[in-house]
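Residues 13 to 146, numbered by our numbering, are exactly what the sequence shown covers, in order.
Here's the structure, in structure tokens; my notes come after.
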Amino acid sequence: MPINNEKIAKRQEVKEHNPEFVRPESWRYVRLQTNWRKPKGIDHHQRKQKSRGRPGLVKVGYGGPKEARGLHPSGFTDNLIYNLSDLEKLDPKKDGIRFGHSVGTKKRKEIVAKAVENKFKIFNARVSVSGSKS
């Protein structure tokens, strides 16, 4: 059951009005991916916004709605967990959990068991409650 549907919908609506930000000159050279990089040259046309037809720059004003920031696409908030005490501070009705990179399998199994018991949404479990890796 997704939560915060109206916040997610509002974020999607705002996103539809924003331009697609692509890396400058990525349409020109195959070796450049389209993911965004800020133009930093002193004479760069796109940075100076000199000519028409150039894509826009990423700016603060293009951000999404404040209440939808930090939400996972499922509607839960995204929280990093490193131990059981981090888990106890959260509310399973609105908070989802993501394990930190440094959490090992042994501790991860303990936290997963406790999280499933408390009905938390887990984004990157990597182990099941029974103990086999998935």
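All C-beta atoms in this analysis are idealised placements derived from N, C-alpha and C, irrespective of residue type, glycine included.
In this text, all values refer to a predicted model and were calculated from it rather than measured experimentally.
By a beta-carbon distance limit of 8 Å, Q58 contacts P36. Their separation comes to about 5 Å. Boundaries of the beta strand (DSSP E) around D107: 107-111. When secondary structure is reduced to three states using DSSP, I20 falls in the helix class. V139 places its beta carbon less than 8 Å from that of V124.
Counting C-beta atoms within 10 angstroms of its own C-beta, A21 has fewer than 16 neighbours from the protein chains shown and is therefore classed as exposed. Taken through DSSP and simplified to helix, strand or coil, K101 comes out as coil. Here G73 is actually not in contact with Y94; their C-beta atoms are around 35 Å apart, not less than 8 Å.
The stretch 82-94 and the stretch 41-60 do not touch, with fewer than 3 CB-CB distances between them shorter than 8 Å. G108 counts as buried, since at least 16 other C-beta atoms from the protein chains shown sit within 10 angstroms of its C-beta.
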